[in-house]
Ligand code: RIB
Ligand code: CA
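Numbering (this note's numbering), first residue to last: 33 to 340.
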């Protein structure tokens, strides 16, 4: 069976880095586009190039938006470090971006193919700009599988998840675009897929260079969750959005009408899913509620170790 064609829009980011390796293994990645999020755009772009060089991936990287549509840019150094990919020793990166026009790449690629999935795993700025510039792509893409939001607690605030909170206006455009198929992997789902010391040990035992690098990423990422939340497990948020495309059978989904709060003093960036029985509201996305975490972890470990 042919691998799904995707554009991975990301803000590497420890979990984005794993999503890049998983996408390279399970998909035909037509392009990686980068956005300001976990770190400033220059760093998220450098980190995407670093992962492509480290893993020997021949995938064009296009830099995108360096700030959200309206709100000030915000980053997540507590989770990902100042570079966005703290932990392992940083190799010299000699790859260059294919362009600084991620939005143009998204539009042209969506128009050149009939079945491209857009897989955004950072703030939705690039996707929103592409939809605004070229509304025709909404009907052309196979779907949008995003990591963002939550139908439970947030992470950056009690109500909002970082990707949506960082650019709520972009998220409002994407959820309101009327795409025929949108899958939402929110925190309620992604916290079911965690890595811990065992996964780091498994990667190190494989002896591979890429696996060792990712084990160092896991150790840094995990230390942050231990310190902030007293957890001995770190959620693999972004790989969930890739797996929702490649292995939907591992998930349960619920068709929901999801709206984005853009102005609430306490609720900016909250994804409000209408879960009332028989609400009658028109669903605009499939919210992921559960997944087979053991199978998902196996696919992640396989993808990382396959690059060595
Ligand atoms: O809230 C989790 C999301 O924010 C993930 O995509 C992570 O990489 C950060 O971007
Ligand atoms: Ca991300």
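The beta-carbon is built from N, C-alpha and C at its ideal position, and this holds for glycine as well.
The beta carbon of residue 184 sits closer than 8 Å to those of 218, 219, 220, all from its chain and outside the five residues before and after it, given in chain order.
Rounded to the nearest angstrom, the gap between the Cα atoms of residue 319 and residue 287 is 6 Å. DSSP lists 303 as the bridge partner or partners of residue 292. In this structure, residue 249 places its C-beta atom within 8 Å of the C-beta atom of residue 117. If you check the CB distance, residue 148 and residue 174 come in under 8 Å. Of the candidates 150, 222, 208, 222 places its Cα closest to the Cα of residue 180. Of 45, 324, 176, 125, the smallest CA-CA separation from residue 279 is found for 324. Collapsing the DSSP output to three states places residue 65 in a strand.
When the beta-carbon positions are compared, residue 225 and residue 336 stay at least 8 Å from each other.
In the DSSP assignment, residue 74 falls within the unbroken alpha helix (DSSP H) covering 73 to 87.
Rounded to whole angstroms, the gap between the alpha carbons of residue 272 and residue 79 is 20 Å. DSSP, reduced to helix, strand and coil, places residue 286 within a strand of the structure shown. Under the three-state reduction of DSSP, residue 38 is assigned to strand. According to the DSSP assignment, residue 171 belongs to the alpha helix (DSSP H) that extends over 169 to 172. When the beta-carbon positions are compared, residue 199 and residue 156 come within less than 8 Å of each other. Put simply, the backbone Cα of residue 108 is about 5 Å away from that of residue 70.
Under the DSSP definition of a beta bridge, residue 175 partners with 149. Using a Cβ-Cβ distance cut-off of 8 Å, the region 133 to 143 and the region 36 to 44 are in contact, since at least three pairs of beta carbons, one from each stretch, lie closer than that value.
By the CB criterion at 8 Å, residue 134 and residue 95 fall inside the cutoff.
In the structure shown, the three-state DSSP call for residue 94 is strand. Annotation: the continuous beta strand (DSSP E) that includes residue 319 extends over 317 to 323.
Assignment of residue 267 by DSSP, reduced to helix, strand and coil, places it in the strand class. The beta carbon of residue 58 sits closer than 6 Å to the beta carbons of 278 from its chain, once the five residues preceding and following it are set aside; these are given in chain order.
Residue environment for residue 186: buried (at least 16 other C-beta atoms within 10 angstroms of its C-beta).
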